[in-house]
Amino acid sequence: MAIDYNNRMANIESAAELAELAAQSDHGTSSAYWSVTLANDIDMADYENWEGFTATSSTAWYMNFNGNGYTIYNLNGIYISGNWGFFQFLHGNVKNLTIEDIGVSATGAVCGICYSHYSGSEIENVKVRGYLSGSNVYGLSYVPSGTVTARKSSFSGSLIATSSFYGLMNGGITNNCYVTCIEGNQARGSANSFMVNGGRCNNCFFIGAVRYSGTSGNVRIASDNANYSYCVITNAAELLASGYTYSGTPSQNAGVVFFDNTDGDYFDSSYGATKAQLQDAAWLREKGFAI
2 MAIDYNNRMA NIESAAELAE LAAQSDHGTS SAYWSVTLAN DIDMADYENW EGFTATSSTA
62 WYMNFNGNGY TIYNLNGIYI SGNWGFFQFL HGNVKNLTIE DIGVSATGAV CGICYSHYSG
122 SEIENVKVRG YLSGSNVYGL SYVPSGTVTA RKSSFSGSLI ATSSFYGLMN GGITNNCYVT
182 CIEGNQARGS ANSFMVNGGR CNNCFFIGAV RYSGTSGNVR IASDNANYSY CVITNAAELL
242 ASGYTYSGTP SQNAGVVFFD NTDGDYFDSS YGATKAQLQD AAWLREKGFA I
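As structure tokens, this is what we get:
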């Protein structure tokens, strides 16, 4: 079985099959979701300016997508007028997937996974690595309302926004997730932004450089200052506006470590490392972080 249209099932073996499925008009229903798995790694290098799983709010996809631990490569060189996400509008879960070497620039919003990810969906064990640039930029998904839950997922690379950036999502809940913007990468915006999540976070962290070029507003770790704990490393000297803050206070967030550009060794009860180690890509990879 490659694509079984009658039963809305697919076991994707090639870039051509992935593109064929994304372009077809049957997006499933609330009572009959598509079930899609990857059978191997997929190289999308031949699909220039691929628009992803296109849809509208009234023709949203109903799909559960399981990458089975495989990787989609070379979704890069994409320049779009409008918004871009691997999925445009999605009801459903995305799990066990890596998107490697992504490179997308758009005039509108850009999302590593989904431009509009609807409430009740889940993201689990998903890694996105590369470069995203647009008006508002989201490492994983934009959540129009309600709650999407992300677990054990990450974004690594650059988030370049003319307005706001969100390391993972603008809302919902993130558990055991992280964002890294190191090795010359950065998270940059000019309006209120969130290094990890605009919603609630538990045991998540951000490592990297942040540049804020706005004249008002701020950059925060997360918007819910009563329910998160982090190890957070960033370069305070690169924050270009005086309005920098992070939600809550250290007393509310046990385990938070905030690094500026000073020297010295730091210890956190969760991660136990020096500042130099936590900014060293090789050390992080040795510890199992997929950056």
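With the sequence shown counted from 1, adding 1 to any position gets you the numbering used here. Every residue, glycine too, gets a C-beta built ideally from N, C-alpha and C.
Contact set for residue i: own chain, Cβ-Cβ below 7 Å, skip 5 residues either direction
| i | result |
| --- | --- |
| A44 | Checking the displayed sequence, the identity of residue 44 turns out to be Asp instead of Ala. Excluding positions up to five away in sequence, the list reads A16, Y74, N75. |
| E239 | Note that E239 scores a pLDDT of 46, beneath 50, so its modelled location is shaky and nothing firm can be said. |
| T60 | H28 |
Beta carbon of residue i nearer than 7 Å to that of residue j
| i | j | result |
| --- | --- | --- |
| N137 | A162 | yes |
| R130 | G86 | no |
| T38 | N7 | no |
| C182 | S154 | no |
| G113 | G140 | yes |
| N65 | G93 | yes |
| S82 | C115 | no |
| V149 | L133 | no |
Buried or exposed (CB count within 10 angstroms, at least 16 for buried), residue i
| i | result |
| --- | --- |
| Q89 | buried |
| E287 | exposed |
| E49 | exposed |
| N80 | It is worth fixing the name first, because residue 80 is Tyr in this sequence and not Asn. Exposed, because fewer than 16 other Cβ atoms sit within 10 Å of the Cβ of Y80. |
| G185 | exposed |
| S117 | buried |
| S194 | buried |
| A283 | exposed |
| A20 | buried |
Close-in-space but distant-in-sequence residues of the same chain around residue i (CB under 6 Å, 5 per side omitted)
| i | result |
| --- | --- |
| N198 | L169, M170, T175, A223 |
| G172 | V144, G199, G200 |
| E101 | T72, Y74, R130 |
Alpha-carbon to alpha-carbon, residue j and residue i
| i | j | result |
| --- | --- | --- |
| L22 | W35 | 10 Å |
| S165 | A11 | 36 Å |
| Q187 | D281 | 15 Å |
| T57 | G135 | 19 Å |
| F207 | L160 | 13 Å |
| T30 | W62 | 8 Å |
| A24 | L91 | 14 Å |
| S146 | Y119 | 7 Å |
| M196 | T99 | 20 Å |
| N84 | G53 | 11 Å |
| V220 | Y167 | 10 Å |
| S122 | D47 | 30 Å |
| E18 | I4 | 8 Å |
| R152 | S26 | 30 Å |
| G109 | A192 | 15 Å |
| V105 | V95 | 20 Å |
| I103 | S214 | 25 Å |
| N97 | I124 | 9 Å |
| G190 | C205 | 21 Å |
| D42 | W51 | 17 Å |
| T55 | N67 | 18 Å |
One or two residues paired with residue i in a DSSP bridge
| i | result |
| --- | --- |
| N65 | S36 |
| E86 | Reading the sequence as shown, one finds Gly at residue 86 and not Glu. DSSP, once it has assigned bridges, lists C112 as partnering G86. |
| C182 | G209 |
| D5 | M10 |
| E125 | K96, R152 |
| M170 | S142, N198 |
| S159 | Y132 |
| T55 | In the DSSP output, where bridge partners are listed per residue, T55 has none listed. |
| R189 | I161, R212 |
| T72 | T99 |
| R221 | F195 |
Chain B contact for residue i (CB, 7 Å cutoff)
| i | result |
| --- | --- |
| E18 | In the displayed structure, chain B is absent; only one protein chain is listed. |
Same chain only: Cβ atoms within 8 Å of residue i, ignoring 5 sequence neighbours per side
| i | result |
| --- | --- |
| A40 | N12, I13, E14, N69, Y71 |
| A33 | R9, Y63 |
Distance cut-off 6 Å: residue i Cβ against heavy atoms of the ligand ZN
| i | result |
| --- | --- |
| G147 | Ligands are entirely absent from the displayed structure, and the ligand ZN is therefore not among its contents. |
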